[in-house]
Ligand SMILES: Cc1cc2nc3c(=O)[nH]c(=O)nc-3n(C[C@H](O)[C@H](O)[C@H](O)COP(=O)(O)O)c2cc1C
């Protein structure tokens with residue numbers, strides 16, 4: 192690999208004080224570091240965000256709240272993402288969705304996204320399934336490997352939650368390798384194509400001809416929402 196060290200924004204979507212999701216994301220961040228990636232951790236408990244305001248949907252960089260401007264900058268600087276969520280009512284958490292609603296296609300388009308989740312009683316993968324659809328809506332590429340944990344995968348050590356289940360740790364290592372590889376391959380292809388690969392899709396490449404035939408809807412920001 193070259194000296195290229197991409198940044199990945201990891202978002203922990205739990206506001207619990209001792210969050211398993213946070214530890215899952217932190218463990219993945221450490222694994223990414225070993226794979227030539229610079230992790231940038233966004234803990235939504237430590238960084239509470241206001242309810243997303245549609246006025247700033249396409250320009251969160253101009254939001255009056257500094258925390259929103261900052262996450263938009265961090266998302267723009269990221270070459271990939273990790274989205275982590277607790278299982279809430281068979282899906283992902285509202286705080287994570289609110290965070291994503293501050294961001295948009297321009298932050299995610301063409302970037303690989305890894306999904307991880309934590310459920311209290313079983314390894315419930317529904318948050319990851321549901322997040323795949325959300326990521327697609329923002330033109331990100333949700334990668335196939337994912338990691339799902341449950342309480343028995345963790346132990347308290349010196350008052351701190353740590354992952355002790357070896358199979359889970361192996362999956363985290365594999366996920367970090369996969370995400371890193373995807374980002375580095377994309378970078379090499381983009382460099383070979385002189386940036387062509389990373390260029391945004393041509394506006395109007397799909398013209399809406401009818402609700403049944405065209406799966407895209409044009410947006411003012413030059414991207415298209417995929418239905
Ligand atoms: C609002 C809410 C809804 C929940 N819904 C589910 C659920 O549908 N299925 C489930 O297994 N656990 C559910 N839980 C339990 C959480 O998944 C569990 O507490 C988990 O440890 C939270 O992860 P965290 O420690 O990262 O916050 C729910 C918890 C809350 C607060």
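In our numbering, the protein residues as written are 192 to 418.
From the three backbone atoms N, C-alpha and C, an ideal C-beta is built for every residue, glycine too.
Neighbourhood of residue i by C-beta distance below 6 Å, restricted to the same chain and skipping five residues each side
i           : result
residue 210 : none
residue 309 : 211, 212, 215, 277, 340
residue 268 : 198
residue 323 : 333
residue 287 : 204, 276
Beta-carbon proximity list for residue i, same chain, < 7 Å, skipping 5 on both sides
i           : result
residue 221 : none
residue 352 : 209, 211, 214, 345
residue 258 : 238, 240
residue 218 : 354, 363
Helix, strand or coil at residue i according to DSSP, with G and I counted as helix
i           : result
residue 299 : helix
residue 275 : strand
residue 209 : coil
residue 250 : coil
residue 256 : coil
residue 234 : strand
residue 225 : coil
residue 286 : helix
residue 382 : helix
residue 366 : helix
residue 270 : coil
residue 242 : coil
residue 334 : strand
residue 312 : coil
residue 201 : strand
residue 196 : coil
residue 291 : helix
residue 304 : strand
Rounded C-alpha distance that separates residue i from residue j
i           : j           : result
residue 281 : residue 290 : 19 Å
residue 237 : residue 197 : 24 Å
residue 266 : residue 294 : 8 Å
residue 348 : residue 245 : 43 Å
residue 250 : residue 262 : 12 Å
residue 325 : residue 355 : 30 Å
residue 235 : residue 243 : 14 Å
residue 385 : residue 327 : 25 Å
residue 321 : residue 364 : 23 Å
residue 375 : residue 284 : 30 Å
residue 275 : residue 202 : 6 Å
residue 206 : residue 232 : 14 Å
residue 357 : residue 314 : 15 Å
residue 273 : residue 204 : 11 Å
residue 383 : residue 377 : 10 Å
residue 253 : residue 200 : 20 Å
Residue i beta carbon near ligand 1 (any heavy atom closer than 7 Å)
i           : result
residue 283 : no
residue 278 : yes
residue 315 : yes
residue 312 : yes
residue 220 : no
residue 330 : no
residue 205 : yes
residue 238 : no
residue 210 : yes
residue 309 : yes
residue 342 : yes
Cut-off 8 Å between Cβ atoms - residues of its own chain near residue i, not counting five sequence neighbours on either side
i           : result
residue 312 : 341, 342
residue 224 : 230
Three-pair Cβ contact test at 8 Å for the stretch 333-343 versus the stretch 287-307: yes
The stretch 361-375 in contact with the stretch 221-234 per 3-pair CB rule at 8 Å: yes
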